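Taking it in order: structure first as structure tokens, then the write-up.
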Amino acid sequence: MRQRRIRSVVLSFVMGLVCTLGLVVVGGAGPAAAEVRPTIVLVHGAFADPSGFDDVAQILRDRGYEVVVPVNPLRGPANDSAAIEKVLADISGPIVLVGHSYGGEVISNVNNPSVQALVFISAIATDLNEPAALLLDPIRFPITLLVPPVVLPKVVADPTFPGGTNVDLVITRELFRPIFAADVSEAKAAEMAERQRSFAVAANLELSGAPSWRTTPSWYLVTTEDRVVPASSQRFQAARMGASVREVASSHASFVAQPQATADIILDAVAGTR
């Protein structure tokens, strides 16, 4: 009788210990299993299209990240940031928002509480009531080569503009590679020139809204061989936003020419917001 009672007590103790250890193991595994990776949204700039991010997106997807590459309308920061906000509204969970060139002004005007980090690639990152053109001021930041005859105007249909037409800029095909994409192969640069989306002249002059980079952790990839947004302007912008900075010897088309360097700073931002 006494031996049965002892066995019963021992069995109860062992079962209780097993249950406790099970709870500890399950409890310890819970947070790791529940970790949610951010969706990475890549916003192209002027004279580009979403396909320019193909290699960057593939690197990130191979690392297990969901990547979204929307079309940037290139009409102006207010219109274009609203378009990107509609895309973000359909994404559940945290977001890392990336902008190349004028795409940087667009993401600066996006306000979405799910955005945990901003990444600027060879970008324009405007401040409140600042037009993009001011960050290409040749007196302060010599010197952009994105001027005629490199860029030429054309009249386009534009339902967002009064009268339904607008004046856009395009980069001439023969000058696209030396100015925009000097370190990209000739074949790829020709493809980019063919696929480029034209950019509203008015967008370069529109005053920007309150920048999200004032309240959101930011990263900036400076391209030292840039002939569109001078490296001096890029460094100025990165410094005033307090961004974490990397530099790469690349043209303005760094997101095409240097996809790994571009992906690396995006992954820095992901790691920096965990």
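full-length UniProt numbering numbers the first residue of the sequence shown as 1 and each following residue consecutively.
Even for Gly, the Cβ is constructed at its ideal location relative to N, Cα and C.
All figures in this text were calculated on a predicted structure; none of them were measured in a lab.
(message) Let me confirm a value: T172 is counted as buried when at least 16 other C-beta atoms fall within 10 Å, else exposed. Which label applies?
(response) Taking a 10 Å sphere around the C-beta of T172, we find fewer than 16 other C-beta atoms and assign the residue as exposed.
(request) Within its chain, find whatever has a CB closer than 6 Å to the CB of A243; leave out the 5 residues flanking it on each side and keep chain order. (result) Here the set comprises S218, W219 and Y220.
(request) Could you spell out the range, first to last residue, of the beta strand (DSSP E) harbouring D168? (result) From DSSP, the beta strand (DSSP E) with D168 extends over T165 to I171.
(message) Would you call the segment 120-139 in contact with the segment 89-105, where contact means no fewer than 3 C-beta pairs closer than 8 Å?
(response) Touching, yes.
(request) Give the straight-line distance between the Cα atoms of P94 and P77, rounded to the nearest whole angstrom. (result) One alpha carbon belongs to P94, the other to P77, and they sit about 23 Å apart.
(request) Count the other CB atoms, across all protein chains shown, that sit within 10 Å of the CB of D226; report buried if there are 16 or more and exposed otherwise. (result) Classification for D226: buried.
(request) State yes or no: is the C-beta of Q269 within less than 8 Å of the C-beta of V96? (result) What sits at residue 269 in the sequence shown is Ala, not Gln. Closer than 8 Å, so yes.
(message) Going by DSSP in three states, A157 sits in which element: helix, strand or coil?
(response) It is a strand residue.
(message) Tell me which residues share the same chain as R37 and place their Cβ nearer than 7 Å to its Cβ, disregarding the 5 neighbours each side in the sequence.
(response) Closer than 7 Å at the Cβ level, and outside the excluded window around R37, lie G64 and Y65.
(request) Would you mind giving the Cβ-Cβ distance between A271 and L60, rounded to the nearest angstrom? I have them listed as a contact below 8 Å. (result) Actually they do not touch by this definition, with Cβ atoms about 13 Å apart.
(message) I need the straight-line Cα distance from P31 to I143, nearest angstrom please.
(response) Here the model assigns P31 a pLDDT of 43, short of 50, so the residue's position is not dependable and the matter cannot be decided.
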